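To start, the structure under review is shown below, and the notes come after it.
Numbering (UniProt numbering), first residue to last: 1 to 343.
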């Protein structure tokens with residue numbers, strides 16, 4: 001017999017028939033043993049009462065099961081239509097209440113995952129759009145330079161100038177691609193930061209070393225105030241990248257002869273790294289904007305850069321449980337404060 005194909009009504013009928021047949025057998029046995037009709041009638045009455053109660057319980061069970069099934073189906077339909085309605089909390093500790101509670105939890109998880117997928121898709125679309133926009137200028141410049149180099153009337157000196165411009169655009173495009181690769185890998189979780197307790201002095205020294213040549217060319221004074229032994233839990237490689245990006249911005253936008261200083265301070269919950277410069281400063285209303293991907297101030301568009309360094313710095317520090325804030329006065333310089341959890 002295929003039990004999976006049996007309906008609830010058929011199961012009830014089978015059970016009822018089984019109960020009746022059992023009662024008949026019991027009556028026959030009682031009569032055979034006692035020979036008393038009174039005993040048989042008494043047993044028959046008890047059996048009839050049992051059957052009635054059984055039928056009543058079966059009807060109640062069937063109705064409860066029907067309500068249970070309808071409720072589950074209704075919830076599943078709402079979930080399928082992405083329109084699950086909030087309903088009063090079921091205080092009774094019943095099977096239905098537990099299943100409904102679990103289904104609602106599952107729905108919330110599914111909704112959260114859906115929102116994450118939508119957000120990831122939007123970020124990917126934004127990233128692709130940014131790549132297209134940012135690579136258009138250097139690629140166009142490269143095409144123009146290439147076409148110009150085919151002009152036989154150019155002097156050797158002019159050709160060298162165009163070749164230098166060509167190399168500059170290649171470097172810019174390479175920098176842009178590398179920055180976009182880092183950004184996409186961080187945003188998609190391909191790169192997992194590994195925090196370990198390490199000397200912060202070594203991290204700062206490596207970051208400062210990356211900008212030392214540029215700073216020297218602009219005759220800038222770079223100072224670092226950090227104990228040689230200053231242990232902090234952080235990812236050395238990516239924290240170096242974040243600090244370097246902030247320092248690189250400071251070198252770009254600080255006039256020749258200016259100063260950049262790096263200092264550290266241990267607080268109760270965080271380690272604070274201050275990177276101060278004597279550059280152009282940032283308007284207060286632009287504090288949030290400068291951390292956006294590819295954002296650049298109007299007055300610095302002629303300066304080298306693509307506007308992704310601060311965005312990367314904030315992402316890297318955020319992934320370590322920290323944050324970056326800025327304070328600035330126009331024409332008086334800026335201070336970028338990096339906060340790392342003091343674990």
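Glycine included, every Cβ here is placed at the ideal spot set by N, Cα and C. These numbers were taken from a predicted model, which means no experiment stands behind them.
What does the alpha-carbon distance come out to for the pair residue 154 and residue 136? As a first step, residue 154 must be located in the chain shown, where it is residue number 154. As a first step, residue 136 must be located in the chain shown, where it is residue number 136. Going from the Cα of residue 154 to the Cα of residue 136 covers about 26 Å.
I think residue 345 touches residue 294, with their Cβ atoms under 8 Å apart; what is that distance to the nearest whole Å? Residue 345 cannot be examined here, being either before or after the span of the chain that is shown, 1 to 343.
Does the beta-carbon of residue 328 have 16 or more other beta-carbons within 10 angstroms, so that it is buried, or is it exposed? Numbered from 1 along the chain shown, position 328 holds the residue referred to as residue 328. Residue 328 should be labelled buried.
Give the single residue among 41, 52, 206 and 260 whose Cα lies nearest to the Cα of residue 17. On the chain shown, residue 17 is found 17 positions in, with the first residue counted as 1. Of the candidates 41, 52, 206 and 260, the one whose C-alpha sits nearest the C-alpha of residue 17 is 52.
I'd like the ranges of any alpha helix (DSSP H) spanning at least 4 consecutive residues and lying wholly in the stretch 217-268. 236-252
Taking buried to mean at least 16 other C-beta atoms within 10 Å of its own C-beta, is residue 178 buried or exposed? As a first step, residue 178 must be located in the chain shown, where it is residue number 178. Residue 178 comes out exposed.
Taking C-beta to C-beta, are residue 317 and residue 242 nearer than 8 Å? Indexing the chain shown from 1 puts residue 317 at position 317. Indexing the chain shown from 1 puts residue 242 at position 242. Cβ atoms of residue 317 and residue 242: closer than 8 Å.
On the DSSP bridge list, what partners appear for residue 409? Here the chain has residues from 1 to 343 only, and residue 409 is not among them.
Three-state class that DSSP yields for residue 341 in the structure shown: Start at 1 with the first residue of the chain shown, and residue 341 comes out as number 341. Three-state result, residue 341: strand.
Quick one, which of 277, 184 and 169 has its alpha-carbon nearest residue 331's? Looking up residue 331 in the chain shown gives position 331. If we check each option's Cα against that of residue 331, 277 comes out closest.
Span separating the alpha-carbon of residue 323 from that of residue 337: Taking the chain shown and counting its residues from 1, the one referred to as residue 323 is at position 323. Taking the chain shown and counting its residues from 1, the one referred to as residue 337 is at position 337. Between residue 323 and residue 337, the C-alpha separation is close to 8 Å.
Just verifying my parser: in three-state terms, what is the DSSP assignment at residue 354? There is simply no residue 354 to check, as the chain begins at 1 and stops at 343 in what is shown.
Local Cβ density within 10 Å of residue 215, reported as buried at 16 or more and exposed below that: Here residue 215 refers to the residue found at position 215 when the chain shown is read from its first residue. So residue 215 ends up on the buried side.
Is residue 217 near residue 257, with beta carbons less than 8 Å apart? Sequence index remark: in the chain shown, residue 217 carries index 217 (1-based). Sequence index remark: in the chain shown, residue 257 carries index 257 (1-based). Cβ distance not < 8 Å, so residue 217 and residue 257 don't count as in contact.
Nearest-angstrom Cα distance between residue 225 and residue 260? Within the chain shown, residue 225 is the residue found at index 225, counting from 1. Within the chain shown, residue 260 is the residue found at index 260, counting from 1. Those two C-alpha atoms are separated by around 11 Å.
8 Å Cβ cutoff met for residue 279 and residue 250: Counted from its first residue, the chain shown places residue 279 at position 279. Counted from its first residue, the chain shown places residue 250 at position 250. Contact flag set, yes.
Which word fits residue 334, buried or exposed, when buried means at least 16 other C-beta atoms lie within 10 angstroms of its C-beta? Sequence index remark: in the chain shown, residue 334 carries index 334 (1-based). Buried is the call here.
Tell me the residue span of the alpha helix (DSSP H) that contains residue 311. In the chain shown, residue 311 corresponds to position 311, counting from 1. Here the alpha helix (DSSP H) through residue 311 covers 309-318.
Helix, strand or coil for residue 287? Go by DSSP, reduced to three states. Taking the chain shown and counting its residues from 1, one reaches residue 287 at position 287. Three-state DSSP puts residue 287 in coil, outside helix and strand.
Please report the straight-line C-alpha distance between residue 103 and residue 75, rounded to a whole angstrom. To locate residue 103, count along the chain shown from 1; it is residue 103. To locate residue 75, count along the chain shown from 1; it is residue 75. Going from the Cα of residue 103 to the Cα of residue 75 covers about 8 Å.
Inter-residue spacing [alpha-carbon to alpha-carbon] between residue 345 and residue 310: An answer regarding residue 345 cannot be provided, because it is not within the stretch 1 to 343 covered by the chain.
Rounded Cβ spacing between residue 270 and residue 340 (contact assumed at less than 8 Å): To locate residue 270, count along the chain shown from 1; it is residue 270. To locate residue 340, count along the chain shown from 1; it is residue 340. Correct: roughly 6 Å between the Cβ atoms.
With DSSP as the reference, label residue 107 as helix, strand or coil. Position 107 of the chain shown, counted from the start, is the residue given in the question as residue 107. Correct three-state label for residue 107: helix.
Between 227, 320, 244 and 160, which has its C-alpha nearest residue 210's C-alpha? Here residue 210 corresponds to residue number 210 of the chain shown, with the count starting at 1. Checked all of 227, 320, 244 and 160; the closest Cα to residue 210 is 244.
Label residue 180 either buried or exposed according to how many other C-beta atoms from any shown protein chain fall within 10 Å of its C-beta, with 16 as the threshold for buried. Stepping through the chain shown from its first residue, residue 180 is reached at position 180. Buried, by the Cβ-count rule.
Smallest Cα separation from residue 399: which of 343, 82 and 50? Summary: the structure shown does not reach residue 399, with the chain confined to residues 1 through 343, and so no result is reported for it.
C-beta contact flag for residue 199 and residue 239 at 8 Å: Stepping through the chain shown from its first residue, residue 199 is reached at position 199. Stepping through the chain shown from its first residue, residue 239 is reached at position 239. No, Cβ-Cβ distance for residue 199 and residue 239 is not below 8 Å.
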